[in-house]
Amino acid sequence: MTTSPDTPLFLKALAGETTSRPPVWFMRQAGRYLPEYRALRATTPGFIEFCHDPEKAAEATLQPMRRFGFDAAIVFADILLIPRALGQEVWFEAGEGPRLGEMPSVEAMRDKAEGAGEALKSIGQTLSLVREQLDPSKALIGFAGAPWTVATYMLDGVARSIGKGERAQARTYAYAEPEKVAAVLDVLVEATAHYLKMQA
Numbered sequence: 000m001t002t003s004p005d006t007p008l009f010l011k012a013l014a015g016e017t018t019s020r021p022p023v024w025f026m027r028q029a030g031r032y033l034p035e036y037r038a039l040r041a042t043t044p045g046f047i048e049f050c051h052d053p054e055k056a057a058e059a060t061l062q063p064m065r066r067f068g069f070d071a072a073i074v075f076a077d078i079l080l081i082p083r084a085l086g087q088e089v090w091f092e093a094g095e096g097p098r099l100g101e102m103p104s105v106e107a108m109r110d111k112a113e114g115a116g117e118a119l120k121s122i123g124q125t126l127s128l129v130r131e132q133l134d135p136s137k138a139l140i141g142f143a144g145a146p147w148t149v150a151t152y153m154l155d156g157v158a159r160s161i162g163k164g165e166r167a168q169a170r171t172y173a174y175a176e177p178e179k180v181a182a183v184l185d186v187l188v189e190a191t192a193h194y195l196k197m198q199a
């Protein structure tokens, strides 16, 4: 497949074209290592609220593009926006990271899955703001967490071992209640699909 001459380098590479150089972008290219991000982040106490503020999230998305000129921007968001959209309480504790309340029933989450895109429309607004300001030669990447990764946070809740990669509670659930975990994953697949469709 041959793309048009004005197609961003990143998208040319994805289309399998030979490019003059490999396109460059990084996961987590926005964030705490940037002093301008730390200053911006200090303006909003709650991290989830920060993610849902289109103007601030757009600025966080664009900061590394201005500083480094990467070939693609990735929208600033968090994988735990999906559990929150499904009705699970999510909060961040200083020095500890994310905490999640008790996971709602599968039935309750299933009722909310189809509306995940609408519940997270602020991320779509962020993408629109970024696209308005982003150099047309740069690609823009949407974002969502993989269902299993998100499920491990949801199942572990407040007991999660921060930073140790143990996911002990999630693994216990997977062995002890495989049908429940499969049902949770099905809900997450549906919710994530609606979320990503909204971003497209």
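Take 0 as the starting number for the sequence shown in numbering that gives the first Met the number 0 and just add one per residue.
Where a beta carbon is used, it is the ideal one built from N, C-alpha and C, also for glycine.
In terms of CA proximity to Pro82, Ala150 leads the group Asp185, Ala150, Met26, Ser136. Under the three-state reduction of DSSP, Ala72 is assigned to strand.
If only complete runs of 3 or more residues are kept, the region 40-86 shows the beta strand (DSSP E) at 71-73, in order along the chain.
Note that the region 15-34 touches the region 57-74; at least 3 beta-carbon pairs, one per stretch, sit closer than 8 Å.
The beta carbons of Ser127 and Asp52 sit no closer together than 9 Å.
Distance from the Cα of Leu184 is smallest, within the candidate group Lys196, Ile47, Met153, Gln168, for Met153.
Leu85 is not a Cβ neighbour of Val23, given a cutoff of 9 Å. Of all alpha-carbon atoms in Arg98, Arg65, Ala12, Glu178, the one lying nearest the alpha-carbon of Gln132 is that of Arg65. For Glu58, the number of other beta carbons within 10 angstroms of its own is at least 16, and it is reported as buried.
Taking 9 Å as the cut-off, the beta carbon of Lys111 is found no closer than this to the beta carbon of Ala192. Between Ala199 and Pro7 a beta carbon distance of about 16 Å is seen, past the 8 Å cut, so the two are scored as non-contacting. Closest by C-alpha distance to Thr43, out of Val129, Phe91, Ser3, is Phe91.
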